[in-house]
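As structure tokens, the structure follows; a few thoughts come after it.
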Amino acid sequence: MKEPSEKSNLKAMEDGHGRYGAECDWWSLGICMYEMLYGVAPFYAESLVETYGKIMSHQEMLDFPDDIDISEEAKDLMKRLICPRETRLGQNGFIDFASHPFFDGINWEAVREMDTPYRPEVSSPTDTSNFDVEACSPDFTPCDTKPPNVTAPFTGHHLPFIGFTYTHDSILSDCKSLSLSGLDSSADSLPALTAEAYERRIQRLEQEKTELSRKFQEANHLIQTRFHGSAPGSDGTESDSSKYEQTIAQLKDEVQILKKRLAEENSASLRPAKDLNQEELEKKIKELKEKNRQLILDKQDLQRDLEETSERLTIQTRELKEAVKHRDLAKQDYDEVLNTALLDERDKSKRCEKLVKERESEISQLQQKIDVFRLELRKLEIIRKEAETVAERAQQDLLSERLLRETLQTKLASQESKTESEEVERLTSELQKVNVRYAEMVESEEKKRQQIVEYWQVPTAFLQLCSLVRAHLA
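Numbered by the UniProt record's numbering, the letters in the sequence shown go through residues 1 to 474 in order.
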């Protein structure tokens, strides 16, 4: 029989996880197809936990070796069978397979009348040359089944399978012993069997062996009596003798099986402590397997989380690189704009410095002019004062001359009668002199007045220049 791990290779991923339907059979078909083509199950592992882990991660674990030449159509068919049930072939029935390239050239209408493409050659019904025969397990313990009711005579059809787990229609090998099933059920209910229980069990087996031997001898004696006591043509026929021989062969086979089982029981009774330890070890192994399965599941979850985290980290790293790239570009643009603005500001600063120097130079020149104008203003102020003094003197002289003229005119009028001619000439001469001097004084006074006016015009221009300088500086 196949091991549980071998059976688990055929189980679909959704089997055992809630509801599932006939699509599980298509999964198993894909597994069988893979195993027939490659000679090994696609998700084979040493333990059930590893097998189930590979089945749950079938998308990553399904692999097609390159050392075996398999067509792409066959690989595609297996991929579409060993996949999630939502995309698995068979959902639409037969049409999914009839339209697949792997089945091109098959006449589905006449498929039942067609010859099989390959017929294995066998030499006999027991020929196993077409199978990969593995080493038989030393465990000959039969299945936990009730002994069948056998009424048919011995036919020998089970002889090729003597020593295997199951033999059809075998009275003694299909039941562990006459009372072994009861012992096993009671043993399973107890935590462990003591040495006394094993001894009692051995005694019962010895009694059963003795009873079976006695019954075998009685049956053999009865058969020999009937076989040898009956003459040809009497009640016993050749068919009856054949049946008796078959029954004898069957009983001999079963006696051999019981002897072997008794030897195993004796061997087991000699080491009960070892069996107890073995049960504990099996229990611990079972617990460790469960822990291992849980650890594998946790590992798969962690692996999945790691892959998701790695993917997120990759995306974040890519986004970070893009952000850094954009930042560098923006920084480069900003640096260029900043450098341009800095150069402009430096040019403006240089122009301002140059303009300030020019303005300072102009201010210095204007300051020098102001100093000169102030000096000239002081001089003009002195000249003005002197001109005012001269004007006052001229006014006094003019007034005295006017008084003198009036006096002379008066004298002239009084003396006209005395000495008109001589005195008139003299007075006329003096009057002319006085008029000339008066005209000179008036002319001199006019020149001084014009000079004073010109001198006063210079401070006015100076004041206007100061106003312009203040406005420019502001």
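Where is the CB? At the ideal position from N, CA and C, for every residue including glycine.
I'd like the span of the alpha helix (DSSP H) that includes residue i, first residue to last.
i	result
residue 98	94–98
residue 116	First-last for residue 116: undefined, no H or E at that position.
residue 31	23–38
residue 76	72–81
residue 55	48–56
Nearest to residue i by CA position, among the options, is which residue?
i	options	result
residue 118	108, 107, 110 and 130	130
residue 256	294, 209, 50 and 300	209
residue 380	432, 69, 448 and 392	448
residue 24	87, 74 and 69	87
residue 104	73, 110, 124 and 113	73
residue 202	222, 212 and 263	263
residue 286	41, 110, 27 and 47	47
residue 38	27, 75 and 58	75
residue 259	213, 298, 383 and 360	213
residue 220	251, 207 and 199	251
residue 27	391, 442 and 62	62
residue 383	69, 451, 310 and 325	451
residue 428	445, 441, 248 and 405	405
residue 403	377, 247, 40 and 431	431
residue 475	68, 109, 42 and 308	There is no way to answer for residue 475, as the model of the chain reaches only from 1 to 474.
residue 386	333, 97, 352 and 445	445
residue 443	467, 414 and 391	391
residue 249	279, 278, 280 and 216	216
Does the beta-carbon of residue i have 16 or more other beta-carbons within 10 angstroms, so that it is buried, or is it exposed?
i	result
residue 54	buried
residue 373	buried
residue 78	buried
residue 318	exposed
residue 51	buried
residue 127	exposed
residue 253	buried
residue 143	In this prediction, residue 143 has a pLDDT of 49, which is less than 50 and means its spatial position is unreliable; nothing more can be read from the coordinates.
residue 231	Any reading at residue 231 needs caution, since the residue's pLDDT is 45, under 50, leaving its predicted position unreliable; the model's value is listed next. Exposed, since its Cβ has fewer than 16 Cβ neighbours within 10 Å.
residue 188	Confidence at residue 188 is low in this model, with a pLDDT of 45, below 50, so its placement is unreliable and no value can be given for it.
residue 125	exposed
residue 49	buried
residue 205	buried
residue 30	buried
residue 150	Caution applies to residue 150, whose pLDDT of 48 falls short of 50 and renders its modelled position unreliable; the value that the coordinates give is listed next. Exposed, by the Cβ-count rule.
residue 101	exposed
residue 65	exposed
Reducing DSSP to helix, strand and coil, say where residue i ends up.
i	result
residue 334	helix
residue 386	helix
residue 65	coil
residue 130	coil
residue 467	helix
residue 298	helix
residue 480	There is simply no residue 480 to check, as the chain begins at 1 and stops at 474 in what is shown.
residue 101	helix
residue 45	coil
residue 445	helix
residue 356	helix
residue 91	coil
residue 436	helix
residue 282	helix
residue 452	helix
residue 392	helix
residue 339	helix
residue 402	helix
residue 429	helix
residue 111	coil
residue 213	helix
residue 312	helix
At a Cβ threshold of 9 angstroms, is residue i touching chain C?
i	result
residue 293	Note that chain C does not occur in the displayed structure, where there is just one protein chain.
Stretch pair the segment 436–456 + the segment 389–398: three plus CB contacts closer than 8 angstroms: yes
Check whether the segment 81–99 touches the segment 110–128, counting contact only when three or more Cβ pairs, one atom from each stretch, lie closer than 8 angstroms. no
Contact between the segment 18–37 and the segment 68–85: three or more CB pairs below 8 angstroms? yes
Cβ contact (3+ pairs, closer than 8 angstroms) linking the segment 351–367 and the segment 400–414: no
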